[in-house]
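*Asks:* The opening residue of the sequence shown carries number 29 in this note's numbering; numbering runs sequentially from there.
All C-beta atoms in this analysis are idealised placements derived from N, C-alpha and C, irrespective of residue type, glycine included.
One structure, pasted below without further comment.
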Amino acid sequence: MKRLKAWLGVDQRRPVLLAVLALLGLCAVALFNHLGSLGLMDKTEGLFVEVPRQMLESGDWVTPRWNGETFFDYPVWGYWMVGLSFRLFGITEWAARLPGALAATATVLAAFALVLQLAPPTEALQQRLGRATLVGSVLALSPAWVGWGRSSVTDMFLASAIALALFCFVLAYQAVDQPLLRRWGHAGMALFAGIAVLAKGPVGLLLPGLVIGAFLLLKGQLWSELRRTPLLPMAALFLGVAAPWYGLATQANGTEFLGRFLGFSNLERFTSVLYSHPGPPWFYLPWVLILLLPWSLFLPVAVARLRFWSLDRWRQLPSPDDLALFALVWLVVVVAFFSAAATKLPGYILPAIPAGSLLVALLFQPLPSSTDPKPLGLGVRVTGWLNAGLLGLMAFASALLPRLLDADPAYPGFADAVSRSGLPWLMAAILLLSAIGLLVLLLQPAGLRRLWLPNLLGFAAVLALVVPTLAPLLDRERLLPIRELARMAGVQALPDEPLLVVGYRRYSVVHYSGRPVLFVDNPRKVRKRLAARPAGSTVLLFGSDSELLEFGLGPGDGLLLARRDAHRLVRLPIEQLRRLGQRP
């Protein structure tokens, strides 16, 4: 240890390098550990990954296509990143998820760099690095950041781009006496806002604009900051990033693109309930708690300590609390914006996760101010006890997990496989040790400032020790049967033979079969869709035993081509399918 301290003391860059390497190691465990062990998840990931595969195959990088049709639900940034990864590394699950994991990691490192930059140079380097590393670690180990960072969907591309744009605003806002740093901050705002618009559409500009505008209004600096901001160069950079694809897509597809993307995927998604995803106005409040656990338990205390209701707190210039106050505005604006939308999904508030992470980390290690920080008191202590109790309950639930798993006839061996793996007991032990660690700190006079430590170590241990066994188990028991049957369908399908997926919309079948798929749940509707099929032709049907039976297909109907667990691939004469559609 003495040698390490001596080595670190030789050059101030060495401790910074060590902190960056530690964060990269944490991200490797959280985001890259067995990244490709799971097959594509249905529904969204199975859909999203197929679009860049078709782009790569066709050479058309302007018009997104899926399942034999143009697909304008999302812009192209995520497709381009996944397509580039496919070109470099091949078409695999690992390559599909790599860009999202890299985007999540970049945001973690950017949060670290921002907090390190904002700390006063007079503060001890160890304190600055400890605070910045904690901010990055809390974000890297937030359940939402891990979950979406390990999947190939557009949400992480939007959330990371918005976070980077807002980090750049903070950098420019604080660098009043550093013109070069301020210029870099403004350039980064425009660049990442452009990428956010390429990732998800107008919301990529609207959300950062609302957050920045609300913060500056509360600070009483909106017009003064606008006057100092090079708006025209920033607009030129933003348009240079975002506009070319929109222009090319409009040129190639005309009003179909404008109507589908701007009208349906943006305006209607906000004003109408799409894809059966409604929710009450308070829909996202429990999701903020869940997606940030266990850190979210400390959010009420972190917010209360800011005393945000006092206008004097906002009007202090400059204030070390500015970063935490900005994070509060960021969190509230994102949650409020999506709460006002008619269509609601948990992933929509992913852009709020970095803000929540900042608030919690700065609760434990705030930026230094001219006055001594108030010691953490009753609120943090009570929350710590709640945290310990929650971890204890989670440990108990983990031990009982095999009994709690519902017996799913489509995956009959899953609960047994989980039980035999020993994972429930391993997870229970990790969670219980974390709870004990919290109790030990709660009983120490100076332990409140370190309550984050058992949570961080426990979650990291789960990711490091549980995921390597859990990911292959989940794939083998739940995803592999679907993948194998889909590939068989692609190989065994006759020329121009339709492939029908019955029941649940397993969009990954399009990717793994390499052919268009008709998703059905009602034989009468299928009869209309396939009315032009000639007599004597056949169709392929894919589904679980229960789904096929509900569709009207018994165990002995049609020619069984393959079975995996309770899933079947069946060839059925078109006449028999039409008879199913005639039943009352």
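1) List the whole-angstrom C-beta distance separating S449 from L501, where the pair is believed to meet the contact cut-off of C-beta under 8 Å.
2) Near P80, what residues of its chain come up, given a Cβ to Cβ distance below 7 Å and the 5 sequence neighbours on each side ignored?
3) Drop a sphere of 10 angstroms on the beta-carbon of S188, count the other beta-carbons inside from all chains shown, and report buried for 16 or more, exposed for fewer.
4) Helix, strand or coil for G268 per DSSP?
5) Below 8 Å, can you find three or more Cβ-Cβ pairs linking the segment 52–72 to the segment 487–496?
6) For a test of the three-state rule: what should DSSP assign to R533, helix, strand or coil?
7) Tell me whether S180 sits in a helix, a strand or coil according to DSSP, three-state version.
8) Does chain B have any CB closer than 8 Å to the CB of M184?
9) With distances taken from CA atoms, which of A457, V530, G582, V143 is nearest L568?
10) What separation, rounded to the nearest whole angstrom, lies between the Cα atoms of P272 and G222?
11) Expressed to the nearest angstrom, what Euclidean distance is found between the alpha-carbon atoms of R335 and R341?
12) Around the C-beta of P92, are 16 or more other C-beta atoms found within 10 angstroms, so that it is buried, or is it exposed?
13) Report, in whole angstroms, the separation of the C-beta atoms of F487 and T411, which I expect to be a contact under 8 Å.
14) Within 10 angstroms of the Cβ of L353, are there 16 or more other Cβ atoms? Answer buried if so, exposed if not.
15) Pick helix, strand or coil for L428, following the three-state DSSP scheme.
16) Evaluate T182 with the Cβ neighbour count: other Cβ atoms within 10 Å of its Cβ, from every protein chain shown; 16 or more gives buried, anything less gives exposed.
17) Given M455, which residues of its chain have a CB within under 7 Å of its CB, disregarding the five upstream and five downstream residues?
18) Mark A197 as exposed unless 16 or more other C-beta atoms lie within 10 angstroms of its C-beta, in which case mark it buried.
19) Mapping the DSSP letters down to three states, classify P86 as helix, strand or coil.
20) Note down the Cα distance separating A443 from L428, rounded to an integer number of angstroms.
21) The alpha helix (DSSP H) that contains A215, what's its start and end?
22) Counting Cβ pairs, one atom from each stretch, are 3 or more of them under 8 Å apart for the segment 531–548 and the segment 595–611?
23) What are the complete alpha helix (DSSP H) segments, minimum 4 residues, inside the segment 316–345?
24) Shortest alpha-carbon distance to G407 belongs to which of F392, Q249, G420, L345?
25) Can you list the beta strand (DSSP E) stretches of 3 or more residues lying completely in the segment 526–589, in chain order?
26) Using 8 Å as the Cβ pair cut-off and three pairs as the minimum, do the segment 303–321 and the segment 358–372 touch?
27) Quick one: grab the DSSP three-state call for W94.
28) Which partner residues does P601 have in the DSSP bridge list?
29) Taking the alpha-carbon of S397 as reference, which of G74, M69, T150 has the nearest alpha-carbon?
30) Would you say P440 and D593 are within 8 Å of each other, going by their C-beta atoms?
31) Given a cut-off of 8 Å, decide if L359 and L390 are closer than it, judged by their beta-carbon atoms.
32) Is S398 helix, strand or coil when you go by DSSP?
33) Kindly give me the distance between the Cβ atoms of A131 and M184, rounded to whole angstroms, as I take these residues to be in contact under 8 Å.
34) In three-state DSSP terms, what is L46?
35) Taking L320 as the reference, give the member of N483, L46, P562, P207 with the closest Cα.
36) Suppose the cutoff is 7 Å on Cβ atoms and the five residues either side in sequence are ignored; what does the same chain contact list for K228 look like?
*Replies:* According to the data block:
1) Between S449 and L501, the beta carbon gap of about 6 Å places them in contact (Cβ cut-off 8 Å).
2) Taken in chain order, the residues that qualify are Y107, V110, G111, F114.
3) S188 is buried by the Cβ-count criterion.
4) Note: G268 maps to helix in three-state DSSP.
5) Enough Cβ pairs lie closer than 8 Å, so yes.
6) Coil.
7) Looking at S180 - three-state DSSP - the assignment turns out to be coil, as it is neither helix nor strand.
8) The question asks about chain B, but that chain is absent: this structure has only one protein chain.
9) Each of A457, V530, G582, V143 was checked against the Cα of L568, and the nearest Cα belongs to V530.
10) Across the structure, P272 and G222 are spaced so that their CA atoms are roughly 11 Å apart.
11) The alpha-carbon atoms of R335 and R341 are separated by roughly 7 Å.
12) Answer is buried; the Cβ neighbour count reaches 16.
13) With a Cβ gap of about 17 Å, F487 and T411 do not count as contacting.
14) By the 10 Å Cβ count, L353 comes out buried.
15) Coil at L428, not helix or strand.
16) Result: buried.
17) The answer, listed in chain order, is S426, V490, V494.
18) Rather than Ala, the amino acid found at residue 197 in this sequence is Phe. The residue is buried, with at least 16 neighbouring Cβ atoms inside 10 Å.
19) Correcting the residue identity first, residue 86 is Ser in this sequence and not Pro. S86: helix per DSSP, three-state reduction.
20) Distance between A443 and L428, taken at the CA atoms: about 11 Å.
21) DSSP places A215 inside the alpha helix (DSSP H), whose first and last residues are 207–228.
22) A contact between stretches requires three or more CB pairs, one per stretch, nearer than 8 Å, and the segment 531–548 fails this requirement with the segment 595–611.
23) Taking only runs of at least 4 residues, the alpha helix (DSSP H) segments lying wholly in the segment 316–345 are 327–333, 339–343.
24) With distances taken between Cα atoms, G407 lies closest to F392.
25) Listed in chain order, they are 527–530, 546–548, 566–572.
26) A contact exists between the segment 303–321 and the segment 358–372.
27) DSSP places W94 in the strand class (E or B) of the three-state scheme.
28) The secondary-structure analysis by DSSP pairs P601 across a beta bridge with T566.
29) Cα-wise, what sits closest to S397 is T150.
30) The answer is yes: Cβ separation under 8 Å.
31) Not closer than 8 Å, so no.
32) Its pLDDT being 48, under 50, S398 is placed unreliably in this model, and the coordinates cannot settle the point.
33) Taking a contact as a CB-CB distance under 8 Å, the pair A131 and M184 counts as one, their CB atoms being some 5 Å apart.
34) Helix.
35) Out of N483, L46, P562, P207, N483 has the C-alpha closest to the C-alpha of L320.
36) Contacts found: Y102, P103, T182, L186.
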